[in-house]
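Asks: Once you've had a glance at the structure underneath, I'll fire off some questions.
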Amino acid sequence: MKHLRKYIRKIIQEVFNTPNPENIHDRLAFTKTAISLHSGSPGMLYTVLDPRKVIETMDSLAGEAWQDILPLAIDSGLVGMMSIGESAFDCNGAWTVDSVAALSPLGPTVYDIVAMDPELLGGIIADRRMVKPKAQRVYQYYWDERKQDLEEVLPLDDVDSPVTADIGDDCGMSTLIDPSRTPIVDLAIIASLAWLEENYPNYYAPLMNKWGGHSLENAAYWLGDDWERGGGWDNDNLVGKFFILKLEKSLKPGQDIPVKLENDYYEFVESVLSDSSELMKYSFADTFSERAMNFSYKVKKQPEWDQMLERGNGLLDHILDTFPECTEDYLDQVLKSRSRIFFQNKYK
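Residue 60 in our numbering sits at position 63 of the sequence shown, and the numbers go up by one each step.
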């Protein structure tokens, strides 16, 4: 039985697949506080703490004024923070990361804590304008290594040049990586190429020879690049007519596309482009990892998440019991101010 418990514990810890120095996950806590971002839009602050250090500092300073003890205690146990805000567009229902900081190597743990929150139905997306290199690597790691831990990873559609008729995925594209491109363009072209190879292989070969040689990824990239250089297509045409036009141009003079092929293809592409999760079946990590920030991410909630939240609530109760004069609103303000200073100190 003892070995079984150790095995189960090991499996649970491995599922929360982020750095866990000295088994810190076993004692970490986090709190959630509603905030207003600089833009005035509503947001949420996640403060990640080591409760043991907070309580040790409170005990060591017993007898001092509680208003002096509280910020020092929070500072001593603060290991990470993230603020998020509602996105300007639909963006798969994801919340945009506004600011994040963590003690090394707990950055991925902080991302996981937020992206596991079941109240964030669409998960999280990167800021559309500025992401520090370390944060870029977190999204890269999600895309390249963490798919088995993700509940959802969905492409974002360029709000200025949408490919899908559904507005739910429309979002501003990250300006850090290929700002004029949207991953959905390449995904839709890969889906189209895969469909053509399976159903009309004689027409697949000339298109591949013209655009990608033997590489499906290269063909998707160069066709997508041609789409963007041409200014994209309006919503009535979507990607379907663009693909048919490129197929026509790859054929020999006098060779026409069968009406059945065209009708079958339009039926296929309409069904695929109406469902982002269906489109994701055609993704290739090697192709899209450089645009990893143009996807929304939601991580499967694990038992540690509930345990960390429970510890956080327990820590807040302990603070309020220890300092009866302290109100919940005042405690929220301290968490906000110390998290802001933590972030500033990390990146000053």
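Ideal placement from N, C-alpha and C gives every residue a C-beta, glycine not left out. Treat the numbers as computed from the prediction; the structure is a model and nothing was measured.
Measure from the alpha carbon of T346 to the alpha carbon of each residue in K343, Q330, Y344 and N342, then state which is nearest.
Replies: What the structure shows of the chain is the stretch from -2 to 345, and residue 346 is not part of that stretch, so it cannot be assessed.
Asks: In the DSSP assignment, what are the bridge partners of F292?
Replies: According to DSSP, F292 bridges with P152.
Asks: Provide the residue span of the alpha helix (DSSP H) that contains E259, from first to last.
Replies: Counting along the chain, the alpha helix (DSSP H) containing E259 begins and ends at V256 to L270.
Asks: Count the other CB atoms within 10 Å of the CB of D326; is the residue buried (16 or more) or exposed (fewer)?
Replies: Exposed.
Asks: Are the CB atoms of D141 and L153 within a distance shorter than 8 Å?
Replies: Against a cut-off of 8 Å, the Cβ pair of D141 and L153 comes out as no contact.
Asks: Roughly how many angstroms lie between the CA atoms of G237 and Y279, to the nearest whole one?
Replies: Between G237 and Y279, the C-alpha separation is close to 16 Å.
Asks: Can you say whether Y200 is buried or exposed, counting buried as having 16 or more other CB atoms within 10 angstroms of its CB?
Replies: By the 10 Å Cβ count, Y200 comes out buried.
Asks: Could you pull the start and end residues of the alpha helix (DSSP H) that M41 belongs to?
Replies: Careful: M41 lies outside any alpha helix (DSSP H), inside the beta strand (DSSP E) at P39 to L46.
Asks: On the criterion of 16 or more Cβ atoms from any shown chain inside 10 Å, does G40 qualify as buried, or is it exposed?
Replies: Counting Cβ neighbours within 10 Å, G40 comes out buried, since at least 16 surround it.
Asks: Look at the alpha carbon of I254 and the alpha carbon of V182, and state the distance between them as a whole number of angstroms.
Replies: For I254 and V182, the distance between alpha carbons rounds to 22 Å.
Asks: Where D233 and A162 are concerned, what is the direct C-alpha to C-alpha distance, given to the nearest angstrom?
Replies: Because the pLDDT of D233 is 49, which lies under 50, any placement of that residue in the model is unreliable, and the number read from its coordinates should be weighed accordingly. Those two C-alpha atoms are separated by around 9 Å.
Asks: Since F339 contacts M127 with CB under 8 Å, what's their CB separation in whole angstroms?
Replies: About 19 Å separates the two Cβ atoms, so there is no contact after all.
Asks: May I ask you to verify whether the segment 260 to 278 touches the segment 94 to 107, counting CB pairs closer than 8 Å and requiring at least 3?
Replies: No, because fewer than three Cβ pairs between the segment 260 to 278 and the segment 94 to 107 fall closer than 8 Å, the two stretches do not touch.
Asks: Below 8 Å between beta carbons: does that hold for A217 and I174?
Replies: Cβ atoms of A217 and I174: not closer than 8 Å.
Asks: Could you tell me the alpha carbon to alpha carbon distance between L190 and M205, rounded to whole angstroms?
Replies: Spanning the two alpha carbons is a distance of roughly 9 Å.
Asks: Just curious, the beta strand (DSSP E) that G227 is in, first and last residue?
Replies: Looking at the DSSP string, G227 is not in any beta strand (DSSP E), and its letter there is neither H nor E.
Asks: At what residues does the alpha helix (DSSP H) containing M305 begin and finish?
Replies: M305 -> alpha helix (DSSP H) spans P300 to T319.
Asks: Assess, as a yes-or-no matter, whether the segment 120 to 134 is touched by the segment 48 to 60 under the definition of 3 or more beta carbon pairs within less than 8 Å.
Replies: The segment 48 to 60 is not in contact with the segment 120 to 134.
Asks: Determine, using beta-carbon pairs with one atom in the segment 85 to 92 and one in the segment 304 to 317, whether at least three such pairs fall under 8 Å.
Replies: Verdict: no, contact absent.
Asks: Name the residue from W63, Q341 and K295 whose alpha carbon lies nearest to the alpha carbon of T319.
Replies: Of the listed residues, the one whose Cα sits closest to T319 is W63.
Asks: So, with DSSP's three-state summary, where would you put D95?
Replies: Here D95 sits in strand by DSSP.
Asks: For F265, I'd like the list of residues in its chain whose CB is within less than 6 Å of its CB, leaving aside the five on either flank, ordered along the chain.
Replies: If we look at F265 and ignore the five residues flanking it on each side, its Cβ neighbours are W192.
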